[in-house]
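**Student:** Mind looking over this structure? Questions follow.
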Amino acid sequence: MSEERNSNDVKDKISIKEIHETFWRCRDFELSHLWQRSIFLSAFLILCFTGYGSLLITMLEKASLFAYANLLAFSIGVIGIIFSCLWIMMGKGSKAWYERYENAICAFERKSQYMTPKASHIGGFHYQNIQGYERPQIQKSFFKGNGGAYSPSKINIAIGQITLCLWSIIVLFHGAVAILGKDIISLKAFTYIILIGGSIVILLFFCAVFYRKIYWLHSKTLNNE
């Protein structure tokens, strides 16, 4: 009788295998919902950009509504900054959770008390220890079909960071117009500022993309292979 009771108690308890499977499910859940959560915020950002574009047209075509359209554009820029910050926080939060689960899985699978010696040797994402494993070729070129050493989660966060910079520039611009007047738009130097500033931004972006030691968009794991 006592033996049956003990066996039932063992069956009711959570096993190590179930905990391991739970870690994997939680990790997969965070990865699968990483972009789905961002899609929710992307709708609001698209509305902000659409509204800003229509106000910009109004500013250029209707001089009588210039001041009002400028203030509304400033307000939309502030809203865009808020949604961009939320995008970044959502991406970073999701990344933090799935990395936590990956670290737990890695520590779990490297423990000899939980795994067989052979499984422990290749566990914890040590796929390079698998006999016959061949590392796929990685290319940085945008015009080749090979895989690249980029991190989708970092790219997701970078989208929020880029939109945050754009909205910050928009807010500063319309704030300056509201204070100094619309005459600053017609200044010849303003054209050069946009052209030179845009060129510098593009140059810095491609340096961050192609220079492997800048881990803004790159995966450290893939770069270090």
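With the numbering used here applied, the sequence shown closes on residue 472, and no number is skipped along the way. In this text, a Cβ means the ideal position worked out from N, Cα and C, and glycines have one as well.
(1) Taking only three categories from DSSP, how would you classify His267?
(2) Which residues in the same chain have their Cβ closer than 7 Å to the Cβ of Arg357, if we skip the five residues on either side of it in sequence?
(3) Roughly how many angstroms separate the alpha carbons of Tyr348 and Pro399, rounded to a whole number?
(4) I need the straight-line Cα distance from Met306 to Ile440, nearest angstrom please.
(5) In the DSSP output, which residue or residues are listed as bridge partners for His465?
(6) Could you compute how far the alpha carbon of Ala316 sits from the alpha carbon of Phe291?
(7) Look at the alpha carbon of Glu265 and the alpha carbon of Ile377, and state the distance between them as a whole number of angstroms.
(8) Looking only at C-alpha atoms, which of Glu268, Phe296, Ile335 and Ile263 sits nearest to Arg284?
(9) Helix, strand or coil for Ile377? Go by DSSP, reduced to three states.
(10) Suppose you measure from the CA of Asn403 to the CA of Gly338; what does that come to, to the nearest Å?
(11) Restricting to Cα atoms, I'd like to know which of Val456, Ser415, Trp271 and Leu450 is closest to Gly327.
(12) Could you pull the DSSP bridge partners for Ile261 from this structure?
(13) Please confirm whether Ile417 and Gly324 have their CB atoms less than 8 Å apart.
(14) With distances taken between CB atoms, is the gap from Gly394 to Ile385 smaller than 8 Å?
(15) Please classify Glu277 as buried or exposed, where buried requires at least 16 other C-beta atoms within 10 Å of its C-beta.
(16) Could you tell me whether the Cβ atoms of Ala320 and Tyr299 are closer together than 8 Å?
(17) What is the residue span of the alpha helix (DSSP H) that Met362 lies within?
**Tutor:** Quick look at the numbers:
(1) Shown here, His267 sits in a helix according to DSSP, grouped into three states.
(2) Only Ser367, Gly370 and Gly371 meet the Cβ criterion.
(3) Answer to the nearest angstrom: the Cα atoms are 17 Å apart.
(4) Approximately 20 Å between the Cα atoms of the pair.
(5) Partner residues in the beta bridge of His465, as assigned by DSSP, are Tyr397.
(6) Near 20 Å, if we compare the C-alpha coordinates of Phe291 and Ala316.
(7) Distance from the CA of Glu265 to the CA of Ile377, rounded to the nearest whole angstrom, comes to 24 Å.
(8) Answer by Cα proximity: Ile335.
(9) If DSSP states are grouped into helix, strand and coil, Ile377 belongs with coil.
(10) The alpha-carbon atoms of Asn403 and Gly338 are separated by roughly 6 Å.
(11) For Gly327, the nearest C-alpha among the options comes from Ser415.
(12) Listed as beta-bridge partners of Ile261 by DSSP are no residues whatsoever.
(13) Yes, they are a contact pair.
(14) Result yes, Cβ atoms of Gly394 and Ile385 sit closer than 8 Å.
(15) Classification of Glu277: buried, given that the 10 Å Cβ count is 16 or more.
(16) Cβ distance < 8 Å, so Ala320 and Tyr299 count as in contact.
(17) Segment: none, Met362 is in no alpha helix (DSSP H) and carries neither H nor E.
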